[in-house]
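For the sequence shown, the numbering used here gives the first residue as 1, with consecutive numbering after it.
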Amino acid sequence: MSLYRDEGVVLRTQKLGEADRIVTILTRRSGRVRAAAKGIRKTKSRFGARLEPFTHVDLQLYERRSLDLITQAETLRPYGERLVFDYPRYTAGTAMLETAEKLTPIEKEPALRQFLLVIGGLRTLVEGGHDPRLVLDAYFLRSLAIAGYAPALEECARCGERTGRAFAIAAGGMVCGSCRPPGSASPAEATVGLMIALLRGDWERADGSEPRHRVECSGLVAAYLQWHLEHGIRSLKHVERERPGATIAHEREVPDERAALFHGTMPNTTNE
């Protein structure tokens, strides 16, 4: 039982009793932490809006046998203030937070790279330089890579041949004609190139991609993510309803899920 300090991103909150909340936070050093915030639902709460989803906070917590207790909270970056007024970016951010929680299933297991990835993803959404669906797909692919589930995109996932012709989720990505299982998808070459660009942070290539390839890429990425999580991402249905006006005609042709790419500044190493 002791006090400790950490920084983290608030993933979600839920009611506890009459005036408290349980706050789920992905922290830099301690991984995913669930902690109680006393009196946070009261008008005069000392925490104010500092423990709302999307907020990057500096915390002091008291370790307890069950839920730790948040004793101090200071805002470092209030990402939610910018995202809440932009529906496409807000819903993309919500899907990020939900995915981050599901990819860190063990409480208090360090997950520094996942933490840095979430921070980078939210920052990229707030900056507004790229289609939010591209940012979200980039986050999905990179978070899967950190978790050890990166799809094979440049060679067959089964035999290693560099002439992949189909995408098979259960096989682990692209497969050649000989290894192709029934029911595999046959994405366009440009779609696969977009997925590769997402993983590499090649934003120039991603931003120049065609809407039809973004739609196809998004469907594959979302299906691959949810297969590995063994759970659906509830937030995706809200992202799917949003259609950028310039690409409405194209995106209605194929079930959407999101597009692909992240900024090169998006952290995918152990340094922020």
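Glycine included, each C-beta is placed from N, C-alpha and C at the ideal position.
In this text, all values refer to a predicted model and were calculated from it rather than measured experimentally.
As the crow flies, the alpha-carbon of residue 157 is around 25 Å from that of residue 233. Boundaries of the beta strand (DSSP E) around residue 78: 68-78. Per DSSP, the beta bridge partners of residue 5 are 60.
Residue pairing for residue 167: DSSP places it in a beta bridge opposite 174 and 185. The straight-line gap separating the alpha-carbon atoms of residue 88 and residue 153 is approximately 28 Å. Per DSSP, reduced to three states, the secondary structure at residue 20 is strand.
In the three-state reduction of the DSSP assignment, residue 44 falls in the coil class.
With fewer than three CB-CB distances shorter than 8 Å, the region 112-131 does not count as touching the region 36-45. Here residue 186 is near residue 166, since their CB atoms are less than 8 Å apart. Distance from the CA atom of residue 127 to the CA atom of residue 93, rounded to whole angstroms, is 13 Å. Restricting attention to alpha helix (DSSP H) runs no shorter than 4 residues, the region 95-152 encloses them at 112-127 and 132-146, ordered along the chain. The bridge partners DSSP lists for residue 26 are 9 and 32. Shortest Cα-Cα distance from residue 26 to any of 44, 66 and 102 involves 102. DSSP places residue 38 outside both helix and strand once states are collapsed to three, so it counts as coil. The residue from 141, 131, 64 and 229 with its alpha-carbon nearest to that of residue 204 is 131. Distance check between residue 208 and each of 169, 144 and 194 places 194 closest, using alpha-carbon atoms only. Between the C-alpha atoms of residue 5 and residue 223 there is a straight-line separation of about 37 Å. Contact between residue 83 and residue 51 fails: their C-beta atoms lie close to 16 Å from each other, not under 8 Å. For residue 59, the closest of 72, 49 and 48 by C-alpha to C-alpha distance is 72. When DSSP reads this structure, residue 55 sits in a beta bridge with 78.
Under the criterion of beta carbons closer than 8 Å, residue 99 and residue 66 do not qualify as touching, at roughly 26 Å.
Judged by their CB atoms, residue 141 and residue 198 are nearer to each other than the 8 Å cut-off.
Each of 91, 28 and 23 was checked against the Cα of residue 40, and the nearest Cα belongs to 23.
The Cβ atoms of residue 31 and residue 53 do not sit closer than 8 Å to each other. If you draw a straight line from the Cα of residue 57 to the Cα of residue 9, it is about 6 Å long.
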